[in-house]
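Chains as they are written, first to last, in our numbering: chain A, -11 to 793; chain B, 24 to 368. Quick notes on the structure that follows.
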Amino acid sequence: MGAVVTENISTSDFFELVDEVLVSIGRAGLEADEARRSIVEVQANDRVLQILAGPGSGKTEVIVWRVLFELVVCGTPSSRVMVTTFTRKAALEIEARLVERSDLFLTAARAHGLNVADPLIHDLRVGTIHSLCDSLLGEFDTAYMEAGTELMDEMEAVVRVARDGRWALRNCADRLVSNEALVSLFRAPWDDGRWPSRMMERAECLLALLGQHIETWIPRCAATTTPNGVQVVHGPPDLTADLIKLEARWSEYLDDKGAIDFATLQKRFLERQHLFFDEIDHVFVDEFQDTNPIQFAIHTKWLESGGTRLTAVGDDDQSLYRFRGSDIGCFAELEGVCSKQGVSFRLEKLEHNYRSTKTIVAFSEAYRTSTVLQHVSMPKNLRAPNGAADGSPPRLLEGLWSDVCAQVADEIDALGAGRIPQPGGPVAPSVAILLFSTSERTGRNGNAAALDLRVALEERGLRVYNPRNKTAAAPDSPVSELLALLSYLIDPVTRAPAGANGRMIEVWASCNNEFKASFALSAPPTFGLSPAHAAFQKRFRKAHGTLDTPDPDIAPLISYIDDIRKQLVDASAAKKNGARRSPRLTLAGLVARLLTFDRYRDAGFTRELFREALFTRLLEAQVAATRLTNSSLDGPLEPERRADGRIEWPGKFWNFLSIFGALLDNTALDDIEVDSFATNAIGLLTFHQAKGLEFDHVYVGLTGRDAAPNPSLRTKLFSGEAVPYVVDAGQPVTRDPDVRMLSEADREREIYVAVTRAKERLTVIHDPSDTRPLSELNEGLENLFKTRPQQRLKGRPTVQVAEFK
Amino acid sequence: MSEILEVSYTGDILAHRRCPRSWSFEKQAQFHPYEQVQAMEGRLLHHAMEWLSRRYRETGSHARVDELEDQLASYFRVLWARGIKTAFASKKDTLDRIVANLFPARKMHPTVTALIEGAQHTEYEIRNVRKVLPSDFAGKSRVLLTGIVDLVVQQQNALTYDRTWAWTDRKRLEGKVGTKQKAAKPGDVEIWDYKGTRSGSVYIPDYVRQVVTYAAIYKERMGEPPRRCVLFFVNEPIREEQLLAVEVDDALLAACVDWTQEQVKRLQQTVVAFESDPLAVEGGDLRMRANAVGLRVPVELRQQCTACGRRFDCDEYRAHLAKGAKGSGRRKVHPDLDRLDVFKN
């Protein structure tokens, strides 16, 4: 907009000011650190800079200063610089750091009489790759913008496939889902071959196939029409063609609905990227090790634009997301791509760990160099900086799981964590318990390990944050209950003489049995439904009385639903007879009213409250799925009474019940991840969730997962490699040494990420007698402790402790 | 988990001041609002100004009214498809009103012309980080304040303002709308904020403090403060009352920053109260806490309350409505609170 006066400053002035700022905030300047200084400086011939940044090495700080160098020394307008982060939270951290450093830098510059123009850091494009692709397409791709294309989340995508997949994706979807060799690759390693049998599982499977096809096969094989490796190894000969057809139909469906999912968004962006070549000068990519092939194609395509620079930051040892399509191969491939394209390439390393104590750094290095990671990692020399505190030695606590849980809970309680601090009082240290799985579902082997930990912590009055617990739709959850109540509104289950010889049995309109349905209060739908919603309804009502006589705790709710149904029917009839007013109550409006009944309004600040909120969000995902149609679910409820006295509901409400019921029944639903609930709570987190985070005290458990080949096989086969494998008991099995090594390395990286989250104290927890899944001690960890003497823990002699000194 | 407390000026500070209860359930507990009553009109207006400015910048000439109409019709479809809908008015009424405000009698409003020609930045995003004591802010060590200045203008053909903000208590940041005229000088840099309300809004003091805080942050970034801030009440039918100029000086800037910091603290107090018992957070305007229950819902908040999913068990709203239902022949339960009333959502 014209009048901004830009005055760039010299490199030497820049670094002088940077040092002044860093020293003023108690950090070491760059003067004595040639490696960091070299990374911050955007050199004249820089096209690609790859930064290998070990854990706790201060990569955010150097990214921030390199961005500022680009703006205030090179004079690049901020809207032409893009920073992609792995999560929204990481974007927030970088944004905040940029604001802080920029403001301090400008103040320091002015104090030196330097007139530095505002770098307009708010115009920087900072975000996840999906949000940045969406915003660039929205800004520069007229068709995308005018279609009002809306980026949808994974839940909405699943709902759409379940709802519309049969007609939108047609027979190729059926063929692919019934291809056992293909589907086995996408099963969880503990699944015995039953997945995907139910409606939502099928939808999840199709989306997984689409994701891997779009994100791996398309960038790597489409141009050369290399067939999918599964086709070569197991057939059939038209498997690749079916995947192409599936993707085309999905894309056509999304265009029709004005919606787009994450995978398709990236494909669309890659196709249109040339339109934005003139708009971007420098692309920063954080967590580059977790790039998938289509993202890699996007990042390297910028290099075709002539002058665009790429700065890629990451650590190959912290690559965690192969199971979601990322490929560590991309990280190592960057130099080769640059060489092929004749683009200059520079590799720099950040090898000091400023996060953890010396002993924790030594422990994590010992782990890394004694496992397969030593053979697959890029060369590096990770160490603590001079002057770092030695700290307490990492330890292994072993004993019965119940004793270990009690010990962990006592220690955390003693630290003062997990409670809301008193105003003005001391702030407790941050604590997290990291597990491979934080599922709290009770299984054949009894309680889940994470549930035991939760119970031990809550018994001491400590607050626990574990959103990925897989139990958000458990029978006693408001999520299940609210669905049960909506099911009761539309299709109340009653008892009627519909059994043999007029025996009283349960009947409902959508029971998929014409005779039984004829006894129901509602008129049956015109199409078959998933029976899950009725199961939720029956379970809820029977858990609180009988179908005929509800207990007092739910009687007001049942009675209210009966009343509201009557009001709706009467209002619709009156409207038909010429009344002026129409009913306006929607499903979401009804849920808002249900939440004001004591059963829900008295939830307190607990997980129940957040589950009520989750229900409102799940409902929105259902509404969104029909947003562009003429039969939106956010329209009013208008049931009508038929001549035979039964109540008729429009098909969209039956469809809603079918999908929502199946969604809750078929999906191990997690809670929403919300910062307000996490604050002041003990984090019970998966290794994957812990990525990018750090805590004063870290406990690591459930380290014993097998190195399943599924994700590595998927990467290779969808990259067109014909890797031999067989399917045994529903799982893919291979002898391919490369796949086996990759799979083992993936597992060890998870442990490595977990142990490097600790700043002051690291504790591994284990019960040698536990036979539940994942409960074995990881071999690499076991090796580090096995030569250390074990002793009984003071105060709890049933627990043994070994220290890594 | 994050050390950063992200606070949006409009989405958090102002929303919290309007109703801490509604803000808590939506922002803290993440309940999805079931009626999207967010301002379609406000978005259209901001888009119109952004588009008109860009058009002028790129072509050197002003857009015609019919071109703006086409652009807005297209953008209306985009918003509609994204689930953002007009609360009550029809599409035609909404678009007509915006166009009429910007192009009265089909000619560009002179104020709009001046804005577009003097525009330095449209949608200038304000971000500011303050370090705070974690013990005062629920363990958070940094507050990231975000907001968007609609327009930074450097006057070319200087405007004259008929209404100016008169501070009655500079320390407590209180004041009133005065009628003293103020003529801008060419070259004056100003921060503008568009408001979809009328010029008599009860929230004007909050809007003034907001825009002066933006000016303070602008100064930190640019080294110099703007000459003044201007609130543009786009839906005000009386032309002379559409603009409100707020002169600023260093002391006022500092006082507004302190005031904002205080609001963040109060917001955190609400968070703590909500964490202790969600039902303990009272509804109604935060500024009216001294009033008796039932007297904390100003007219403008009423529009929000009537579409609020939490209205059925809100003591403040119930008491507020009860005051209007005292006459004979009225229903015992107001339709807004009647859970069995199916004629209202």
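All C-beta atoms, glycine included, are put in the ideal place defined by N, C-alpha and C.
Residue-level contact to chain B via CB, P785(A), 7 angstroms cutoff: no
According to DSSP, is V360(A) helix, strand or coil? coil
Cutoff 7 angstroms: V152(B) Cβ touching any chain A Cβ: yes
Cutting at 8 angstroms between CB atoms, please list the residues of its own chain near L234(A), excluding the five before and the five after it. L157, C160, A161, L164, L194, L197, L198 and H201
How long is the line joining the alpha carbons of N668(A) and Q778(A), rounded to whole angstroms? 33 angstroms
Tell me the residue span of the alpha helix (DSSP H) that contains D229(B). I227 to M245
Which same chain residues, not among the five before or five after I635(A), have their C-beta less than 8 angstroms away from its C-beta? L509, S510, A511, R553, V557, P627, E628 and R629
Minimum C-alpha distance to E264(B) - residue among Q233(B), N124(B), Q51(B) and W282(B): N124(B)
Taking the beta strand (DSSP E) that S31(B) falls in, what are its first and last residues? I27 to S31
Please list the residues of the region 120 to 152 of chain A that have a C-beta atom closer than 7 angstroms to any C-beta atom in chain B, keeping them in chain order. M133, E134, G136 and E138
With DSSP as the reference, label H110(A) as helix, strand or coil. helix
How many angstroms separate the CA atom of I316(A) from the CA atom of R728(A)? 15 angstroms
G783(A) (DSSP reduced to helix, strand or coil): coil
Contact between the region 205 to 214 of chain A and the region 264 to 271 of chain A (3+ Cβ pairs under 8 angstroms): no
Output, in chain order, the set of chain A residues within a Cβ distance shorter than 8 angstroms of R289(B). The contacting residues do not exist; R289(B) stays about 13 angstroms from chain A at best.
Apart from the five residues just before and just after A16(A), which ones in its own chain have a Cβ nearer than 7 angstroms to its Cβ? L10
Could you work out which residues of chain A lie near E73(B), taking near to mean beta carbons separated by less than 7 angstroms? Under the 7 angstroms cutoff, chain A gives no residues; its nearest Cβ is about 12 angstroms from E73(B).
Please name the residue in N766(A), Q362(A) and A145(A) whose C-alpha comes closest to that of A609(A). A145(A)
Per DSSP, which one or two residues make a beta bridge with D716(A)? Q719(A)
Could you run through the region 642 to 673 of chain A and flag, in chain order, every residue whose CB is less than 8 angstroms away from some CB of chain B? I660, V662, D663, S664, A666, T667, N668 and G671
Per-residue contacts from M245(B) into chain C (C-beta, under 7 angstroms): Going by chain labels, chain C is absent from the structure shown, which instead holds the protein chains A and B.
What three-state label does DSSP hand T604(A) in the structure shown? helix
Taking the alpha-carbon of A522(A) as reference, which of D539(A), F503(A) and A497(A) has the nearest alpha-carbon? A497(A)
The region 226 to 243 of chain B touching the region 26 to 42 of chain B, judged by at least three CB pairs closer than 8 angstroms: yes
Could you check what DSSP says for W389(A) in three-state terms: helix, strand or coil? helix
Let me know the secondary structure DSSP gives W155(A) once reduced to three states. helix
Leaving out five residues on either side along the sequence, give the residues of the same chain with a beta carbon under 8 angstroms from the beta carbon of T183(B). Q204, K205, A206 and A207
For the region 757 to 772 of chain A, which residues have a beta carbon sitting closer than 8 angstroms to at least one beta carbon of chain B? none
Cβ neighbours of T759(A) in the same chain (closer than 8 angstroms, five flanking residues each side left out): N433
Please list the segments of the alpha helix (DSSP H) lying wholly inside the region 722 to 778 of chain A, counting only runs of 4 or more residues, in order along the chain. 725 to 743 and 767 to 773
For F3(A), count neighbouring C-beta atoms within 10 Å of its own C-beta (all shown protein chains included) and say buried if the count is 16 or more, exposed if not. buried
Collapsed DSSP secondary structure at L139(A) in the structure displayed: strand
Counting only the same chain and skipping the five closest in sequence on each side, list residues whose C-beta sits under 8 angstroms from that of R334(B). C328, Y340, D359 and L360
Where the region 354 to 368 of chain B meets chain A: residues whose CB sits under 7 angstroms from a CB there: R362, L363, V365, F366, K367 and N368
Using a Cβ-Cβ cut-off of less than 7 angstroms, give me the residues of the region 30 to 64 of chain B that come near chain A, in sequence order. Q51, A52, Q53, F54, H55 and Y57
Cβ neighbours of F648(A) in the same chain (closer than 7 angstroms, five flanking residues each side left out): L471, H521 and Q610
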